[in-house]
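Scroll down for the structure; my scribbles are underneath it.
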Amino acid sequence: MDWLIELFTKNDSVAHIVLLYSIVIAVGVLLGKIKIGGISLGVTFVLFAGILAGHIGFTAPANVLTFIQDFGLVLFVFMIGMQVGPGFFESFGAAGVKLNALATTGIVLNIAVMFACYFIFFDTSNPHDLPMMVGTLYGAVTNTPGLGAANEAMNNVFSNGNMPQIASGYACAYPLGVVGIIGATILVRYICKIKLNKEEEDLERQASENANVKPHKMHIQVSNAYLEGKTLLQVHNFLNRDFVCSRILHEGHVSIPNRDTIFHVGDQLLVVCSEADAEAIIAFIGPEIKVNWEKQDQPMVSKRILVTRPSINGKTLGGLHLSRVHGVNVTRVTRQGMDIFASASLHLRVGDRIMVVGPEDAVNRVSDMMGNSIRRLDAPNIATIFIGIIIGIIFGSLPIAIPGMPVPLKLGIAGGPLIIAILIGRYGYKIHLVTYTTTSANMMLREIGLVLFLASVGIKAGDGFWNTVVQGDGLLYVLTGFLITVIPILIVGPIARMRFKFNYFTIMGMIAGTYTDPPALAYANSVCTKEAPAVGYSTVYPLSMFLRIFTAQTIVLFCCGA
Numbered sequence: 102m103d104w105l106i107e108l109f110t111k112n113d114s115v116a117h118i119v120l121l122y123s124i125v126i127a128v129g130v131l132l133g134k135i136k137i138g139g140i141s142l143g144v145t146f147v148l149f150a151g152i153l154a155g156h157i158g159f160t161a162p163a164n165v166l167t168f169i170q171d172f173g174l175v176l177f178v179f180m181i182g183m184q185v186g187p188g189f190f191e192s193f194g195a196a197g198v199k200l201n202a203l204a205t206t207g208i209v210l211n212i213a214v215m216f217a218c219y220f221i222f223f224d225t226s227n228p229h230d231l232p233m234m235v236g237t238l239y240g241a242v243t244n245t246p247g248l249g250a251a252n253e254a255m256n257n258v259f260s261n262g263n264m265p266q267i268a269s270g271y272a273c274a275y276p277l278g279v280v281g282i283i284g285a286t287i288l289v290r291y292i293c294k295i296k297l298n299k300e301e302e303d304l305e306r307q308a309s310e311n312a313n314v315k316p317h318k319m320h321i322q323v324s325n326a327y328l329e330g331k332t333l334l335q336v337h338n339f340l341n342r343d344f345v346c347s348r349i350l351h352e353g354h355v356s357i358p359n360r361d362t363i364f365h366v367g368d369q370l371l372v373v374c375s376e377a378d379a380e381a382i383i384a385f386i387g388p389e390i391k392v393n394w395e396k397q398d399q400p401m402v403s404k405r406i407l408v409t410r411p412s413i414n415g416k417t418l419g420g421l422h423l424s425r426v427h428g429v430n431v432t433r434v435t436r437q438g439m440d441i442f443a444s445a446s447l448h449l450r451v452g453d454r455i456m457v458v459g460p461e462d463a464v465n466r467v468s469d470m471m472g473n474s475i476r477r478l479d480a481p482n483i484a485t486i487f488i489g490i491i492i493g494i495i496f497g498s499l500p501i502a503i504p505g506m507p508v509p510l511k512l513g514i515a516g517g518p519l520i521i522a523i524l525i526g527r528y529g530y531k532i533h534l535v536t537y538t539t540t541s542a543n544m545m546l547r548e549i550g551l552v553l554f555l556a557s558v559g560i561k562a563g564d565g566f567w568n569t570v571v572q573g574d575g576l577l578y579v580l581t582g583f584l585i586t587v588i589p590i591l592i593v594g595p596i597a598r599m600r601f602k603f604n605y606f607t608i609m610g611m612i613a614g615t616y617t618d619p620p621a622l623a624y625a626n627s628v629c630t631k632e633a634p635a636v637g638y639s640t641v642y643p644l645s646m647f648l649r650i651f652t653a654q655t656i657v658l659f660c661c662g663a
């Protein structure tokens with residue numbers, strides 16, 4: 102039995118370290134699935150399992166814990182950046198600017214409430230109280246990457262090894278933070294006297310009134326005499342609307358038109374465009390009709406083709422000259438489950454599915470050109486991930502001297518990789534980096550990084566957790582965390598509703614995204630049959646995540662290092 106005792110007690114052996122992390126992560130993940138009142142803590146329970154392990158002395162060498170903690174953090178934030186990168190800059194549309202401004206206001210209010218609680222409830226002469234409040238802040242807003250960024254900044258400020266274990270404050274505030282976000286969101290509903298049925302009806306009405314960019318297919322007949330003898334390119338340029346003409350019926354024969362195809366009055370067309378442009382195209386070219394496409398010179402097919410060849414990554418549809426060279430037309434592109442109109446300026450990315458119409462042999466040639474091999478997408482692009490991490494670490498290590506700050510500001514191993522991942526996710530195709538990863542692969546790498554980070558932080562914090570929380574100011578951290586969670590929501594929520602007239606379900610998603618809190622989004626989705634909560638969440642999530650991480654380091658370096 103000595104070998105078994107040694108396995109659990111000899112903390113510098115590889116077997117012991119692997120066993121420690123496996124037990125902490127497994128126990129934390131399983132306990133995190135338990136729901137109380139329909140709410141669970143999820144993977145974050147790994148932190149509490151780690152605290153318990155550290156408290157009973159089941160631990161590992163400090164340098165090993167630090168390495169695994171930092172590596173997990175880098176992997177976690179980089180995969181988040183890769184996920185949000187493609188939509189980061191697109192989130193700043195008309196409504197997106199307002200939602201992101203509200204989210205930013207909420208983040209600023211979280212920080213303001215934290216400082217107010219610090220000056221009201223705590224001893225400002227104690228150098229450890231403010232760092233603990235930073236941990237409480239990120240537990241209250243349920244933002245683990247922010248905790249990681251603050252923890253890393255602490256290493257720079259407390260270089261003498263006397264660093265506060267801010268995870269204790271995080272652990273105190275987190276459980277009530279999850280409940281508080283949902284509870285405050287419900288309270289906003291009653292403050293603003295909102296009826297859920299009416300909100301659903303408003304969403305239905307908006308969906309019917311607002312044309313969107315989803316592909317719209319229609320059959321029309323050329324009736325405008327001005328178009329007689331004009332080429333498809335001339336019509337396209339004159340109309341100044343984006344549309345694809347995938348088939349033309351002329352004198353009883355069907356063919357695939359290209360830019361040089363000549364229009365004649367009476368020709369019948371199959372046109373694909375955005376819904377917003379349909380009315381203008383009909384008014385200029387001719388009315389909608391019913392068409393029999395059976396008479397054609399050669400058999401034509403429609404086929405969805407998967408873009409998997411890296412050489413296609415980043416090229417525009419217009420630049421591929423598919424119509425002129427191959428005699429086929431692309432009528433739509435599906436990206437991450439969403440249909441996109443196939444405009445000539447659209448950049449293709451690995452993982453896109455394109456709808457190609459044309460003669461069967463030509464469609465097959467285009468299929469070979471695009472790759473169309475699902476097996477190529479099964480393997481994640483590991484090289485891109487680690488190239489991005491290399492650049493992110495270098496970028497995060499650049500010192501930025503700011504007057505009044507005791508040490509130079511660095512984005513660090515959290516902020517640097519996050520920014521680079523966002524940029525690579527959005528613009529990687531311009532330097533021929535294939536950034537596609539399946540959703541499951543991204544989630545797997547994210548979760549592995551997250552549980553390694555949480556387990557390490559918990560184990561390190563466990564040794565002093567009892568003295569800090571149970572015998573110390575634990576209940577005060579719980580109270581201040583609850584105030585940090587609730588007060589900003591009760592301010593921003595009514596403003597979003599009364600001043601900006603946002604739909605309540607969009608506000609629910611916006612609040613969940615501001616707090617980067619999946620349980621709050623899950624609750625919003627459970628009470629709404631539409632996509633409004635997910636839209637609100639995804640609109641503000643990228644900027645909110647960036648600001649949470651950036652402000653974490655800024656607060657620590659400016660305030661805790663003073």
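Per our numbering, the sequence shown starts with residue 102, numbered consecutively.
Note that the Cβ used here is the ideal one computed from N, Cα and C, for glycine as well.
None of the values given here were measured: they were computed from a predicted structure.
Span of the beta strand (DSSP E) holding residue i?
| i | result |
| --- | --- |
| Thr432 | 430–436 |
| Ile295 | No beta strand (DSSP E) contains Ile295, which DSSP labels as neither H nor E. |
| Phe603 | No beta strand (DSSP E) holds Phe603; DSSP gives it neither H nor E. |
| Leu350 | 344–351 |
| Val408 | Element bounds for Val408: n/a, residue is neither H nor E. |
| Val355 | 354–356 |
Helix, strand or coil for residue i, going by three-state DSSP, please let me know.
| i | result |
| --- | --- |
| Val366 | coil |
| Glu389 | strand |
| Lys318 | strand |
| Ile442 | The residue you asked about is not Ile; residue 442 is Phe in the sequence shown. In the structure shown, Phe442 sits in a strand (DSSP, three-state: E or B). |
| Leu371 | strand |
| Asn311 | Its pLDDT being 47, under 50, Asn311 is placed unreliably in this model, and the coordinates cannot settle the point. |
| Thr615 | helix |
| Ile501 | strand |
| Val323 | coil |
| Gly48 | Residue coverage of the chain in this structure runs from 102 to 663, which leaves residue 48 outside it and unanswerable. |
| Ile608 | helix |
| Ile137 | strand |
| Tyr530 | helix |
| Phe159 | coil |
| Cys660 | helix |
Can you tell me the Cα-Cα spacing of residue i and residue j, whole angstroms?
| i | j | result |
| --- | --- | --- |
| Ala542 | Gln335 | 46 Å |
| His354 | Ser446 | 30 Å |
| Val579 | Pro276 | 9 Å |
| Tyr605 | Leu297 | 8 Å |
| Arg450 | Val130 | 35 Å |
| Glu380 | Arg600 | 33 Å |
| Val289 | Ile590 | 8 Å |
| Gln307 | Val198 | 19 Å |
| Ile656 | Lys294 | 37 Å |
| Ile406 | Phe179 | 30 Å |
| Leu350 | His317 | 19 Å |
| Ile491 | Glu253 | 18 Å |
| His365 | Ala377 | 26 Å |
| Ala625 | Lys134 | 19 Å |
| Leu577 | Pro595 | 28 Å |
| Thr630 | Glu305 | 10 Å |
| Ile495 | Ala653 | 20 Å |
| Ser645 | Ile208 | 8 Å |
| Ile413 | Lys136 | 46 Å |
| Tyr122 | Ile560 | 9 Å |
| Gly186 | Val408 | 20 Å |
Tell me the DSSP bridge mates of residue i?
| i | result |
| --- | --- |
| Ala129 | A small correction: the amino acid at residue 129 is Gly; Ala does not occupy that position in the sequence shown. DSSP lists no partner for Gly129. |
| Arg454 | Leu407, Thr435 |
| Gly472 | Val408 |
At which residues does the alpha helix (DSSP H) containing residue i begin and terminate?
| i | result |
| --- | --- |
| Leu447 | Careful: Leu447 lies outside any alpha helix (DSSP H) and carries neither H nor E. |
| His337 | 333–340 |
| Phe647 | 633–656 |
| Leu591 | 575–599 |
| Val147 | 146–156 |
| Ser269 | 268–292 |
| Phe487 | 483–497 |
| Leu418 | 418–421 |
CB of residue i to nearest heavy atom of the ligand HEM: below 7 Å?
| i | result |
| --- | --- |
| Met470 | Of ligands this structure carries none, so the ligand HEM is not represented either. |
Should residue i be flagged as near chain B, meaning a C-beta pair shorter than 8 Å?
| i | result |
| --- | --- |
| Ile488 | The chain labelled as chain B is not found in the depicted structure, where only one protein chain is given. |
Considering only residues of the region 204–254, which uninterrupted alpha helix (DSSP H) runs meet the minimum length of 4 residues and lie entirely inside it, listed in chain order?
230–241
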